[in-house]
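Please read the structure below before turning to the comments.
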């Protein structure tokens, strides 16, 4: 199995995950910060050189009815440039229900009586 780098694109931050070449399971790797809305391309390229993935995956959220989200245009531009900058194939992953699932997990964790505050960032991982 080959290594994959996954990107959760945001205008302020980009979450990065890496897959295990043995199991295919992805683990959170890091968060890169955008500068004035511009992704940290130097950081992205460094991760690609370091981890040597064969493919890159970018999450594409959609509304529950399947229509494009407000982020689609920005994500599409990021995907295009990511492919140009790295020379690697870039695939899109449907994240239609991922935000709703994360919100439900956060709500359940808060209701379970945990003494420590549960932050959204913990659920997003």
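Residue numbers (the numbering used here): 10 to 134.
All C-beta atoms in this analysis are idealised placements derived from N, C-alpha and C, irrespective of residue type, glycine included.
All values reported here derive from a predicted model rather than from experimental measurement.
Where DSSP assigns a beta bridge to residue 16, which residues make up the other side? In the chain shown, residue 16 corresponds to position 7, counting from 1. According to DSSP, which records beta bridges pairwise, residue 16 is partnered with 25 and 67.
Is the Cβ-Cβ distance between residue 16 and residue 25 less than 8 Å? Numbered from 1 along the chain shown, position 7 holds the residue referred to as residue 16. Numbered from 1 along the chain shown, position 16 holds the residue referred to as residue 25. Against a cut-off of 8 Å, the Cβ pair of residue 25 and residue 16 comes out as a contact.
Contact under 8 Å by Cβ, residue 27 with residue 41: By one-based count along the chain shown, residue 27 stands at place 18. By one-based count along the chain shown, residue 41 stands at place 32. Contact check for residue 27 against residue 41 fails: the beta carbons are separated by 8 Å or more.
Rounded to the nearest angstrom, what separates residue 59 and residue 120 at their Cα positions? Counting from one through the chain shown, the residue named residue 59 turns up at place 50. Counting from one through the chain shown, the residue named residue 120 turns up at place 111. Separation of residue 59 and residue 120 (C-alpha to C-alpha, rounded to the nearest whole angstrom) is 40 Å.
Within the chosen definition, does the segment 69-79 reach the segment 44-54 through at least 3 CB pairs nearer than 8 Å? In this structure the segment 69-79 does not lie against the segment 44-54, because fewer than three pairs of beta carbons, one per stretch, are closer than 8 Å.
Go ahead and label residue 134 buried or exposed: buried means 16 or more other beta carbons lie within 10 angstroms of its beta carbon, across all protein chains shown. Here the question's residue 134 lines up with position 125 in the chain shown. For residue 134, the pLDDT reaches just 48, beneath the cut-off of 50, and the residue's location in the model is therefore unreliable, although a value from the coordinates is still provided. Counting the other CB atoms within 10 Å of its CB gives residue 134 a total below 16, which places it among the exposed residues.
For the putative contact between residue 43 and residue 65, defined by C-beta atoms under 8 Å, what is the C-beta separation to the nearest angstrom? Locating residue 43 in the chain shown gives position 34, counting from the first residue. Locating residue 65 in the chain shown gives position 56, counting from the first residue. Contact doesn't hold; Cβ gap of about 17 Å is too wide.
For residue 22 and residue 32, I'd like the C-alpha separation in whole angstroms. Numbered from 1 along the chain shown, position 13 holds the residue referred to as residue 22. Numbered from 1 along the chain shown, position 23 holds the residue referred to as residue 32. Distance between the alpha carbons of residue 22 and residue 32 is about 27 Å.
Residues bridged to residue 136 [DSSP beta-bridge criterion]: Only positions 10 to 134 of the chain appear in the structure, and residue 136 is not among them; the question remains open.
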